[in-house]
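Chemist: Heads up: the sequence shown runs through residues -6 to 739, numbered per the numbering used here. Below is the structure I would like to discuss, written out as structure tokens.
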Amino acid sequence: MGHRGERASCLPLLLLVLLLLAFCRGRIVRVPKGPLIRVVGTEVAIPCSVSDYDGPSEQNFDWEFSRDTDFVRIVSTWDSTFTSEEYQKRVGRGDIKLRRSSNDAVELVIRNIQPADQGRYKCSTPSTDATVQGNYDAEVQVKVISDGLSVSGSKARSSTSLRLSEGDSFKLRCSATTTSPEHTHLHVTWQIKSGSSWRDILSLTHEGKFQPGPGYEERYRSGDIRLDTGANDTYRLSVSQASSADGGAYRCLVSEWVRGADGSWQKIQEKSVEIATVSIQRTALDVVISTSNVSVTERDSLDLTCNITTDRSGIFQAEVMWYFSASPDDTLSDAQLLLSMDHDSVVSDSTLISLSHVDRNSYRLLVRDVDVEDSGYYFCEAAIWVPLHNGSWHKVVERTSAPVSVVVTALEPDYDVFLNASKTPKFSDDPTELNCRITNVQDTEANIRFTVSWYYRQRLPGDDVVAEELLASMDADWTLLLGDRGRERIQNGEIILSKKSADTFSLRIQWTSESDRGDYFCVISAWSRHRNNSWVKSKDVTSASVNVFWATQGPVFNVSVHSDSPTIYQGEVADLLCIVTTEGMPLEPDDMSFDVSWFAVRSFALDREPILLASLDRRGIVTQSRRNGSSELSLERISPLEFRLRVHGCEDHDFGNHYCVVTPWVRSATGVWQREPDIKAKPIFLSVKMDVLNAFKYPLLIGIGLATAIGLLSCLIGYCSSRWCCKKEVQETRRERRRLMSMEMD
């Protein structure tokens, strides 16, 4: 309760203080706290600002000057007649002017200030407030001192030129002194001219701190850029490991600073002198591999030499690194480093690769026992190192050679493959045994291994081609890989795969079935062992196929399409024959019959759906599909095994691939008709051309006939019109015919 009472008693006092502050608020004009110390001949800018005012946002300012007691008007922002007579010339020339920095602040700028300008300067603002509160002017004392700052180059010499090599070191000196009567500090900055502007390198500030310029922080921390002071007020810039970016004009910029009455530092003047022009000659370095594209045989040695040339003189050391890449476009970060030799001639360790220093400019890379995996692109990178004053080494230039293509040719063994059947079935369920033998083996080594792959290809009636199917294969470590066709039978032991000897592989079918009939062949693969003990396939040799077949109780049918004239003209008749052939046991014509259907694919390639043209069943009934053109079809049986399709009056849309599909029917000994699988013939392309002469013959004759008839009709109409319709009676005056009489008679 006691604390709550104390707070209640303090509340009115707080409100009273806030009320007094609100009533005390008014305009405030501010100028810097003096005195302001300035150097004769320099430009002076005295700021003045106003705050807490009413009225328009942009305020006006008047400046006045006094040496003793009376003030003289200098310049105003709103009254052009404000300036006194003694300042009119300087204001008119622009030596004294006002520079507005914002709506509520201006600067009085005095160029080439003189000792006579020393005194008090008053800044005033006309009132725009509803009530007069605060201050409307403020004064500042300005003190003008003599120029005591002197800046010069080393030994008072003018700017010099230095020609250096990349990686060299150099030092530049400048001298800076001051005889100012005030207690001033110097701020020294070394600068380099980059283009048209100067950039700071390193500064010794007026507070005694070192300050590196933008981009020079790392070099300053490493000691490559230093600023040292010496006797006679000298300031020395030391640059180590000079690069091309260090070339340009150098100057020493010195500013003089004094501490103001408010404790802040103020710059009162600045001078500079150009010390030297430095040109950095880039170190030329050319890196070339002595050979271009290289081809080497597996197990041989790869020998490459990297030659470097440079214009560098004096003491230097070279560093060389060899790289390998699978692509010529790979960067160094993507490439594999093989070996390197640093500037101390220390070579990185490797078992099969060596790097030797042949002479001062040549470095040899030797790769022994090359492998196929060593094929790719090789290039070398070289760098030039120079010693520094502290005993360390600095890299001045680095170059990379163009890549060299290296192709390692594998040692392919020379051998043949022979496949024969040691056991062939004569009936179903008989065994079949095939032997795949490697013959005429030459140029093989101990690091070569042979494996086998077995394939099966089914024989189908007609012209259809069936891709081979993998039965089983072995990889380099003798692992057996099974195909989909024989997987279950091999696992059950119905098909046995074995290696009879070092050069013979065997495939045995214990009980040969109807589905096993077809072609068999084997592929012998040669594998080479690489340096990492991995096996890589180097060669495949395929044997000739062996047909597993035995006679059965029904014939085998084949179908083909033939045409004597596959290219015809429009309007002609196209003849296409569907020919059925049989193999195996012969049949009487009455014991076999066929359903024949003709199809067409209207494209050059078989990339569209086939169209049914016509069909002939085994009872002789012909069915035709609906047609859009004027051409007609006929389908007939011309012999027991030949069926002819005719296209009468061929048109453009009759072109395309044509083929027939035959369904054989065979009558058994019991007289029952059995349907065999459909057989599709290989398509034949029918091309239809336009006969230009025949196409235009009849229209041309008709046109000539019509033109002649129209001409004759026109002549006849004209004659009749002139003879009868347009005839007029003309009455001629009869004249007597008399002879001329003689003149004498007259």
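Just so you know, even glycine gets a beta-carbon here, dropped at the ideal spot from N, CA and C. Keep in mind that this is a model prediction, so the values were computed, not measured.
1. Among the residues of its own chain, which have a CB less than 6 Å from the CB of Gly253, if the five just before and after it don't count?
2. Can you check whether the CB of Ala375 is closer than 8 Å to the CB of Val287?
3. Report yes if the C-beta distance between Ala593 and Asn650 is below 8 Å; otherwise report no.
4. Leaving out five residues before and five after Arg341 in sequence, what residues of the same chain have Cβ atoms less than 6 Å from its Cβ?
5. Apart from the five residues just before and just after Leu381, which ones in its own chain have a Cβ nearer than 8 Å to its Cβ?
6. The beta strand (DSSP E) spanning Gly127 covers which residue range?
7. Measuring only the C-alpha atoms, how far is Trp543 from Gly479?
8. Have a look at the DSSP bridge pairing and note the partners of Ala98.
9. Residue ranges of each beta strand (DSSP E) run of no fewer than 3 residues wholly in the segment 272 to 313, ordered along the chain?
10. Give a yes or no on whether the C-beta atoms belonging to Glu629 and Leu570 are separated by under 8 Å.
11. By how many angstroms is the C-alpha of Cys167 removed from the C-alpha of Asp226?
12. Does the structure place the segment 363 to 372 close enough to the segment 285 to 302 that three or more beta carbon pairs sit under 8 Å?
13. So the alpha helix (DSSP H) Glu461 belongs to, where does it begin and stop?
14. Suppose only complete runs of 3+ residues qualify. What are the beta strand (DSSP E) ranges in the segment 141 to 225, listed by chain order?
15. Within 10 Å of its beta-carbon, does Ala598 have 16 or more other beta-carbons around it, so buried, or fewer, so exposed?
16. Go ahead and pull the three-state DSSP assignment for Leu705.
17. First and last residue of the alpha helix (DSSP H) that includes Glu481?
18. Looking only at its chain, what residues have a beta carbon closer than 6 Å to the beta carbon of Thr298, apart from the 5 residues adjacent to it on each side?
19. Tell me the residue span of the alpha helix (DSSP H) that contains Gly85.
20. Determine the extent of the beta strand (DSSP E) in which Leu330 is found, giving its start and end residues.
21. Quick check on the DSSP output: what are the complete beta strand (DSSP E) runs of length 3 or more inside the segment 624 to 667, in order along the chain?
22. Assuming Ile30 and Lys115 make a contact with CB atoms under 8 Å, what is their CB distance in whole Å?
23. My understanding is that Leu427 touches Leu500, with C-beta atoms under 8 Å, so please give their C-beta distance in whole angstroms.
24. Using a Cβ-Cβ cut-off of 8 Å (strictly less than) and excluding sequence neighbours within five positions of Asp335, which residues of its own chain qualify?
25. For Tyr712, does the count of other Cβ atoms within 10 angstroms reach 16, so buried, or fall short, so exposed?
26. Skipping 5 residues on each side, what residues in its chain have a beta carbon closer than 8 Å to that of Asp122?
27. Pick from Pro676, Ala702, Ser586, Asp477: whose alpha carbon is nearest that of Val665?
28. Would you call Phe203 buried or exposed, if buried means 16 or more other Cβ atoms sit within 10 Å of its Cβ?
29. Reducing DSSP to helix, strand and coil, say where Asp583 ends up.
30. Contact defined as beta carbons within less than 8 Å: I believe Ile431 pairs with Val410. What is the distance between those atoms, to the nearest angstrom?
31. Any chance the segment 391 to 400 sits against the segment 479 to 497, with 3 or more Cβ pairs inside 8 Å?
Modeler: Reading from the atomic positions:
1. In the sequence shown, the residue the question calls residue 253 occupies position 260. Within its own chain, the residues whose Cβ lies closer than 6 Å to the Cβ of Gly253, once the five positions on either side in sequence are excluded, are Gln259, listed in chain order.
2. Against the sequence shown, residue 287 aligns to sequence position 294. Against the sequence shown, residue 375 aligns to sequence position 382. With contacts defined as CB atoms closer than 8 Å, Val287 and Ala375 fail to qualify as a contacting pair.
3. Here residue 593 refers to the residue found at position 600 when the sequence shown is read from its first residue. Here residue 650 refers to the residue found at position 657 when the sequence shown is read from its first residue. Yes, Cβ-Cβ distance for Ala593 and Asn650 is below 8 Å.
4. Numbered from 1 along the sequence shown, position 348 holds the residue referred to as residue 341. The residue you asked about is not Arg; residue 341 is Ser in the sequence shown. Sequence-distant partners of Ser341 (beyond 5 residues in either direction) whose C-beta falls short of 6 Å from its own C-beta, in its chain, are Leu332, Ser333.
5. Counting from one through the sequence shown, the residue named residue 381 turns up at place 388. Around Leu381: Ser162, Ser233, Gln234, His387.
6. On the sequence shown, position 134 is the one that residue 127 refers to. Looking at the DSSP string, Gly127 is not in any beta strand (DSSP E), and its letter there is neither H nor E.
7. Position 550 of the sequence shown, counting from 1, holds the residue named residue 543. Position 486 of the sequence shown, counting from 1, holds the residue named residue 479. A straight-line Cα-Cα distance of about 21 Å links Trp543 and Gly479.
8. Here residue 98 is taken as the residue at index 105 of the sequence shown, counted from 1. Residue pairing from DSSP places Ala98 in a beta bridge opposite Ser42, Ser95.
9. Runs of the beta strand (DSSP E) inside the segment 272 to 313: 278 to 282, 287 to 290, 295 to 303.
10. Sequence index remark: in the sequence shown, residue 629 carries index 636 (1-based). Sequence index remark: in the sequence shown, residue 570 carries index 577 (1-based). For Glu629 and Leu570, no; Cβs fall outside 8 Å.
11. By one-based count along the sequence shown, residue 226 stands at place 233. By one-based count along the sequence shown, residue 167 stands at place 174. Taking C-alpha positions only, Asp226 is separated from Cys167 by approximately 8 Å.
12. Taking 8 Å as the limit for Cβ pairs, the verdict is that the segment 363 to 372 does touch the segment 285 to 302.
13. Stepping through the sequence shown from its first residue, residue 461 is reached at position 468. It is not in any alpha helix (DSSP H) - Glu461 carries neither H nor E in the DSSP assignment.
14. Complete beta strand (DSSP E) runs here, min 3: 142 to 146, 153 to 158, 163 to 171, 177 to 187, 190 to 197, 203 to 205, 218 to 223.
15. Numbered from its first residue, the sequence shown carries residue 598 at position 605. So Ala598 ends up on the exposed side.
16. Sequence index remark: in the sequence shown, residue 705 carries index 712 (1-based). In this structure, Leu705 counts as helix in the three-state DSSP scheme.
17. For the purposes of this step, residue 481 is taken as residue 488 along the sequence shown, with counting starting at 1. Start and end: 480 to 484.
18. Residue numbering aside, residue 298 sits at position 305 when the sequence shown is read from its first letter. For Thr298, where only same-chain residues beyond five positions count, the Cβ hits under 6 Å are Ser283, Ser355, Arg357.
19. As a working note, residue 85 is residue 92 in the sequence shown. That run of the alpha helix (DSSP H) goes 78 to 86.
20. Counting from 1 along the sequence shown, the entry for residue 330 is found at position 337. For Leu330, the enclosing beta strand (DSSP E) has its first and last residue at 329 to 334.
21. For the segment 624 to 667, the continuous beta strand (DSSP E) assignments of 3+ residues that do not extend past its boundaries occur at 625 to 632, 635 to 641, 649 to 660, in sequence order.
22. Numbered from its first residue, the sequence shown carries residue 30 at position 37. Numbered from its first residue, the sequence shown carries residue 115 at position 122. Actually they do not touch by this definition, with Cβ atoms about 19 Å apart.
23. Counting from one through the sequence shown, the residue named residue 427 turns up at place 434. Counting from one through the sequence shown, the residue named residue 500 turns up at place 507. With 8 Å as the limit, Leu427 and Leu500 qualify as a contact, their Cβ atoms being about 5 Å apart.
24. The residue given as residue 335 occupies position 342 in the sequence shown. Glu312, listed in sequence order.
25. Translated into the one-based positions of the sequence shown, residue 712 becomes position 719. In this structure Tyr712 is exposed. Its beta-carbon is surrounded by fewer than 16 other beta-carbon atoms within 10 angstroms.
26. Taking the first residue of the sequence shown as 1, we reach residue 122 at position 129. In chain order, Gly19, Arg20, Tyr46, Asp47, Gly48 place their CB closer than 8 Å to the CB of Asp122, counting only its own chain and leaving out the 5 sequence neighbours on each side.
27. The residue labelled residue 665 in the question sits at position 672 within the sequence shown. Taking only the C-alpha atoms, the option nearest Val665 is Ser586.
28. Counted from its first residue, the sequence shown places residue 203 at position 210. Residue environment: Phe203 is assigned as exposed (fewer than 16 neighbouring CB atoms within 10 Å of its CB, all protein chains considered).
29. Locating residue 583 in the sequence shown gives position 590, where the first residue counts as 1. Here Asp583 sits in helix by DSSP.
30. Against the sequence shown, residue 431 aligns to sequence position 438. Against the sequence shown, residue 410 aligns to sequence position 417. About 6 Å separates the CB atoms of Ile431 and Val410; that is less than 8 Å, so the two are in contact.
31. No: the two stretches stay apart, fewer than three of their Cβ pairs being nearer than 8 Å.
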